[in-house]
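Notes to accompany the following structure.
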């Protein structure tokens with residue numbers, strides 16, 4: 313949900329056939345500060361991943377040729393444990409999920425968290441209601457006087473909600489390595505995790521700088537998303553204001569166009585900083601590292617708690633946006 317303009321998340325859950333997040337935390341290694349394995353130990357972990365994944369395929373009566381090429385390559389290279397193979401097989405049983413698994417971005421997110429789509433629904437479904445409630449709470453008696461601002465904020469929320477879940481969602485990376493000709497900066501950001509705090513699969517490691525890089529990279533993307541969403545939202549609001557001015561002469565005296573450029577840039581900055589950090593922490597720390605280990609065998613309860621936490625985050629973000637908009641001067645209190 314676009315709490316305020318916020319940033320997206322993931323609450324992974326127990327992998328099919330697994331006893332914990334991604335089929336069991338025992339199948340993952342997290343190095344202090346951010347990554348697993350290294351050197352000979354990393355090679356040993358990759359070999360163990362490969363052996364277990366091949367055994368899982370055999371138990372399912374499947375071969376490497378029967379799974380997508382990118383997942384097959386990850387199995388060969390020992391990048392994914394057996395839990396990921398089992399999760400893929402479970403997801404594939406559903407025709408809808410089988411269709412979604414054709415798309416790389418959905419595949420990487422669903423393999424990391426089979427509640428990913430549920431969270432998209434939570435954010436988009438609840439976001440509009442919590443956003444409106446927060447606007448009413450902050451503006452109170454000025455709610456109707458500032459209805460043009462309210463409309464702009466809600467439209468921005470709807471447009472941005474999906475990306476706020478998508479970008480910071482933990483993933484199982486199945487991307488091929490970059491070519492040797494790629495620049496150093498490109499390689500650095502390419503190898504950063506999608507969520508700065510996500511659990512590293514056994515055999516995979518993320519350095520502290522790579523985790524910081526994830527925040528910077530997602531912040532840049534969310535700035536673009538927020539600015540674009542605001543351009544659409546404020547543009548639509550100005551159209552509504554001008555249409556109302558044409559039929560309501562009394563309204564014409566008290567209404568004014570929403571400043572498009574300044575509002576859009578401010579919204580982009582807000583998403584890049586506040587929303588980015590809040591949703592990265594929500595998805596990577598609160599959900600994946602705290603809630604999942606506690607509730608991985610109770611999916612309904614896990615989903616309910618994630619729903620409550622995300623709703624609270626959305627409402628908090630909406631309140632923060634109104635204060636931020638007034639603080640920066642792009643929205644003023646009307647007397």
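Numbering (my numbering), first residue to last: 313 to 647. Glycine residues also receive a C-beta, built at the ideal position from the N, C-alpha and C atoms.
In its own chain, which residues sit with a C-beta less than 7 Å from the C-beta of residue i, not counting the 5 before and 5 after it?
i           : result
residue 717 : Given a span of 313 to 647 for the chain in the structure shown, any question on residue 717 remains unanswerable.
residue 403 : 409, 413, 422 and 426
residue 640 : 578
residue 356 : none
residue 510 : 482, 596 and 600
residue 420 : 483, 484, 485 and 486
residue 617 : 603 and 607
residue 615 : 427 and 430
Can you tell which of the options has the C-alpha that lies nearest to the C-alpha of residue i?
i           : options               : result
residue 483 : 504, 558, 573 and 408 : 504
residue 638 : 368, 556 and 451      : 451
residue 418 : 570, 475 and 549      : 475
residue 429 : 455, 477 and 385      : 477
residue 415 : 383, 373, 616 and 575 : 383
residue 625 : 489, 441, 396 and 395 : 441
residue 364 : 394, 371, 375 and 437 : 394
residue 485 : 594, 396 and 550      : 396
residue 508 : 359, 373, 378 and 480 : 480
residue 648 : 433, 401, 551 and 449 : Nothing about residue 648 can be read from this structure; the chain reaches only from 313 to 647.
residue 488 : 593, 388, 622 and 621 : 388
residue 373 : 381, 611, 386 and 398 : 398
residue 521 : 620, 497 and 454      : 497
residue 550 : 493, 460, 405 and 612 : 460
residue 623 : 533, 375, 445 and 611 : 445
residue 533 : 556, 517, 506 and 449 : 506
residue 644 : 455, 381 and 556      : 455
Buried or exposed: where does residue i fall if 16 or more other Cβ atoms within 10 Å of its Cβ makes it buried?
i           : result
residue 584 : buried
residue 463 : buried
residue 391 : buried
residue 524 : exposed
residue 515 : buried
residue 501 : exposed
residue 367 : exposed
residue 513 : buried
residue 362 : buried
residue 341 : Since pLDDT at residue 341 reaches only 34, below the 50 mark, its modelled position is unreliable, and the value read off the structure follows with that caveat. Looking at its Cβ environment, which holds 16 or more other Cβ atoms inside 10 Å, residue 341 is buried.
residue 554 : exposed
residue 333 : For residue 333, the pLDDT reaches just 40, beneath the cut-off of 50, and the residue's location in the model is therefore unreliable, leaving the point undetermined.
residue 339 : Reliability of the predicted coordinates at residue 339 is poor, the pLDDT of 35 falling under 50, and the value obtained from them is presented with this limitation in mind. Buried is the call here.
residue 630 : buried
residue 559 : exposed
residue 609 : exposed
residue 431 : buried
residue 527 : buried
residue 458 : buried
residue 435 : buried
residue 649 : Past the edges of the chain, shown from 313 to 647, lies residue 649, and the structure says nothing about it.
residue 472 : buried
residue 377 : exposed
residue 379 : buried
residue 492 : exposed
residue 449 : exposed
residue 299 : The structure shown does not extend to residue 299, since the chain is modelled only from 313 to 647, so the question has no answer here.
residue 586 : buried
Identify the continuous alpha helix (DSSP H) that holds residue i and give its terminal residues.
i           : result
residue 522 : 520-559
residue 383 : 381-388
residue 621 : 611-640
residue 439 : 428-451
residue 397 : 394-404
residue 493 : Premise fails: residue 493 is in no alpha helix (DSSP H) and is neither H nor E.
residue 414 : Here residue 414 belongs to no alpha helix (DSSP H), and DSSP marks it neither H nor E.
residue 576 : 572-582
residue 455 : Counting along the chain, residue 455 falls outside any alpha helix (DSSP H), and DSSP gives it neither H nor E.
residue 604 : 604-607
residue 588 : 588-593
residue 470 : 459-478
Near residue i, which residues of its chain fall below 6 Å by C-beta distance, leaving aside the five closest residues on each side in sequence?
i           : result
residue 589 : none
residue 443 : 466, 469 and 630
residue 531 : 584 and 588
residue 548 : 467
residue 358 : 390 and 515
Between residue i and the rest of its own chain, which residues show a CB-CB distance below 8 Å, the 5 nearest in sequence each way excluded?
i           : result
residue 642 : 571, 574, 575 and 578
residue 621 : 594, 598, 599 and 603
residue 619 : 434 and 438
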